[in-house]
Amino acid sequence: MLQFLWRQKESKIDGREQEKEEEYGGGGQGNRPSLDGSDEDSMPLPNPMVGFNLPGYSGPSVTRMLSKLDTGPPFFYYENVARAPKGEWAKISRNMFDIQPEFVDSLHLCAAARKRGYIHNLPIENRSPLLPLPPKTIFEAFPHYKKWWPSWDTRTHLNCLQTCVASAKLTDRIQRALVSSSNPPTKSVQKYVMDECKKWNLVWVGKNKVAPLEPDEMEYILGFPRDHTRGVGKTQRYKSLGNSFQVDTVAYHLSVLRRMFPNGVCVLSLFTGIGGGEVALHKLGIHMRVVVSVEIGEASKKIFKSWWDQTQTGTLIEITDVKSLTNDRVASLISQFGGFDLVIGGSPCNNLAGSNQHHRDGLEGKHSALFYDYVRILNFVKSAMGGRRM
DNA sequence: CTGACCATGATACTGCTT
DNA sequence: AAGCAGTATCATGGTCAG
1 MLQFLWRQKE SKIDGREQEK EEEYGGGGQG NRPSLDGSDE DSMPLPNPMV
51 GFNLPGYSGP SVTRMLSKLD TGPPFFYYEN VARAPKGEWA KISRNMFDIQ
101 PEFVDSLHLC AAARKRGYIH NLPIENRSPL LPLPPKTIFE AFPHYKKWWP
151 SWDTRTHLNC LQTCVASAKL TDRIQRALVS SSNPPTKSVQ KYVMDECKKW
201 NLVWVGKNKV APLEPDEMEY ILGFPRDHTR GVGKTQRYKS LGNSFQVDTV
251 AYHLSVLRRM FPNGVCVLSL FTGIGGGEVA LHKLGIHMRV VVSVEIGEAS
301 KKIFKSWWDQ TQTGTLIEIT DVKSLTNDRV ASLISQFGGF DLVIGGSPCN
351 NLAGSNQHHR DGLEGKHSAL FYDYVRILNF VKSAMGGRRM
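Going by full-length UniProt numbering, the first sequence opens with residue 1, and the numbers climb by one from there.
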């Protein structure tokens with residue numbers, strides 16, 4: 001069985017020294033519950049949520065060893081929301097060779113929070129970030145908002161960019177509350193306004209006037225090229241951006257591929273969305289010889305195809321439904337292209353995400369259960385490529 | 001207790017065709 | 001005017017971790 005052990009050496013985070021030593025899964029069985037069995041499947045989220053390491057800090061803060069069985073080919077990179085219901089990440093990990101997820105909050109790399117878990121078998125040494133580094137605070141990203149930003153709004157980072165934005169009625173209510181209040185507003189008005197601003201990620205765009213981010217501002221924060229999602233309806237833009245990767249974060253993890261694949265990569269991209277992974281590879285200067293992209297959303301497909309045609313020269317194969325990517329079809333793609341170097345994607349989070357009030361039924365939920373297709377396909381690719389070496 | 005969160009479903013609206 | 005389809009807008013709260 002695979003073991004793995006990673007150790008947090010002393011690392012400098014936010015200027016202060018941390019000394020921690022942690023062991024996960026020592027003893028050869030991944031994540032065991034505690035001995036009395038009461039603590040089933042607990043997988044605590046790290047605080048601060050900095051993953052195995054971050055750009056700008058010297059040396060890896062964590063070393064890990066993967067079993068030979070779990071190293072590529074292919075490399076794979078899986079993503080989902082960090083704050084899934086209890087036990088779900090343990091379940092995900094069990095289905096992915098018991099590899100420990102790397103939990104990262106993208107607020108350490110950009111101006112908005114994005115707490116995500118990544119399970120991958122990439123090396124974690126010698127990563128390099130995309131340059132230039134993205135703006136790290138709200139004011140660095142949007143200096144012009146300083147003008148209207150009240151001193152009692154102490155936010156430096158936005159919360160997670162989601163798929164829905166605040167209504168005009170809500171921002172009106174906030175404006176009315178502020179206009180009819182003293183200056184500065186009373187504590188209770190301040191609290192009301194701040195609660196809504198944090199909940200809806202509002203920014204100050206005028207006197208007493210807050211508004212949600214525009215889609216192009218989200219593109220900017222998330223590391224996409226300007227107008228990447230332009231050409232579909234505004235709601236669709238919000239939706240697809242809310243569902244996407246933070247490009248700099250993913251690129252940092254994928255950066256180790258550059259030296260390993262100087263002639264480019266052949267990618268199997270599951271749940272491609274608007275192509276966050278591909279944009280990351282492109283920005284890293286990693287040529288994509290082939291991308292087999294699986295994506296069901298019409299708007300996302302349109303956005304991704306348009307970006308591909310503008311920027312790429314490799315082969316793009318588009319598949320709509322992951323269910324139609326049968327093992328036979330994967331086998332034929334593998335023989336056609338000589339195997340995949342990277343399998344990448346984040347499966348639907350709908351039934352895991354905290355913001356889903358209605359159907360947060362975990363991995364077995366209607367949409368999130370597609371995770372098991374990711375597992376099926378990954379396992380098939382692994383076995384079909386077994387024995388192959390780069 | 002506080003506060004964050006890759007959302008969903010009902011309804012209103014818009015543009016278009018008969 | 002009525003029907004249709006696609007899109008936009010709005011209100012809605014529970015689970016989780018700290």
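Ideal Cβ placement from N, Cα and C applies to all residues, glycine included.
All values derive from a computational prediction rather than experimental measurement.
Query: Residue burial classification, TYR374 (beta-carbon count within 10 angstroms, cutoff 16); Result: buried
Query: Rounded separation between HIS359 and GLY365 - CA only; Result: 7 Å
Query: Alpha-carbon to alpha-carbon, THR235 and PRO44; Result: 34 Å
Query: Per-residue burial, ARG94 [other beta carbons within 10 Å of its own, 16 or more giving buried]; Result: exposed
Query: Per-residue burial, ARG230 [other beta carbons within 10 Å of its own, 16 or more giving buried]; Result: exposed
Query: One or two residues paired with CYS266 in a DSSP bridge; Result: VAL290
Query: ARG127, buried or exposed, once every other Cβ within 10 Å from all chains shown has been counted against 16; Result: buried
Query: 6 Å Cβ shell around SER106 - same chain, five flanking residues per side excluded; Result: ARG114, GLN246 and THR249
Query: CA nearest to the CA of PRO150, picked from LEU130, HIS108, PRO135 and CYS197; Result: CYS197
Query: Residues that ILE344 bridges to, as DSSP identifies them; Result: TYR77 and SER269
Query: Distance, ILE221 Cα to VAL189 Cα; Result: 29 Å
Query: The stretch 263-282 / the stretch 327-346 touching (three or more Cβ pairs under 8 Å); Result: yes
Query: Among LYS207, SER383, PHE139 and CYS164, nearest to SER180 - alpha-carbon criterion; Result: LYS207
Query: Proximal residues to TYR145 (C-beta, below 8 Å), its chain only, five neighbours per side dropped; Result: ILE138, PHE139, VAL203, TRP204 and VAL205
Query: Element boundaries [beta strand (DSSP E), containing HIS120]; Result: 115-120
Query: Nearest candidate by alpha-carbon position, reference VAL291, set PHE224, PHE97 and ASP309; Result: ASP309
Query: Under the three-state DSSP convention, the category LEU209 falls into; Result: This sequence places Lys at residue 209; Leu is not what is there. Looking at LYS209 - three-state DSSP - the assignment turns out to be strand.
Query: Spatial distance of ASP227 from ASN327 (CA atoms); Result: 36 Å
Query: Cutoff 7 Å; reference PRO134; Cβ partners in own chain excluding five residues on either side; Result: LEU109, CYS110, GLY223 and ASP248
Query: Beta carbon of GLY314 nearer than 8 Å to that of ARG289; Result: yes
Query: Continuous beta strand (DSSP E) stretch holding ASP105: start and end; Result: 102-105
Query: Residue span of the alpha helix (DSSP H) that contains VAL375, given as start and end; Result: 371-384
Query: Among TRP148, GLN357, PHE76 and THR154, the one whose alpha carbon lies nearest that of VAL210; Result: TRP148
Query: Opening and closing residue of the beta strand (DSSP E) in which ILE124 lies; Result: No beta strand (DSSP E) holds ILE124; DSSP gives it neither H nor E.
Query: Rounded Cβ spacing between LEU122 and TYR77 (contact assumed at less than 8 Å); Result: 7 Å
Query: Range of the contiguous beta strand (DSSP E) that encloses THR156; Result: That residue, THR156, is in no beta strand (DSSP E); it is neither H nor E in DSSP.
Query: Range of the contiguous beta strand (DSSP E) that encloses THR315; Result: 315-319
Query: Cutoff 6 Å; reference ILE99; Cβ partners in own chain excluding five residues on either side; Result: ILE119
Query: Straight-line Cα distance separating HIS157 from residue 392; Result: The structure shown does not extend to residue 392, since the chain spans only 1 to 390, so no value can be given for it.
Query: Reference PRO85, options LYS136, GLY362, VAL381 and LYS302, closest by Cα; Result: GLY362
Query: Minimum C-alpha distance to ASN183 - residue among TRP152, MET385 and VAL62; Result: TRP152
Query: Contact belief for ILE124 with VAL50 at Cβ below 8 Å, rounded distance in angstroms; Result: Incorrect: roughly 12 Å between the Cβ atoms, too far for contact.
Query: Boundaries of the alpha helix (DSSP H) in which THR62 is found, first to last residue; Result: Note on identity: in this sequence residue 62 is Val, with Thr being the wrong assignment. Premise fails: VAL62 lies in the beta strand (DSSP E), 62-64, not in any alpha helix (DSSP H).
Query: Outcome for GLU298 when other beta-carbon atoms lying within 10 angstroms are tallied against a minimum of 16; Result: exposed
Query: Cutoff 8 Å; reference SER244; Cβ partners in own chain excluding five residues on either side; Result: LEU222, PHE224, GLY273, ILE274 and GLY276
Query: THR171, buried or exposed, once every other Cβ within 10 Å from all chains shown has been counted against 16; Result: buried
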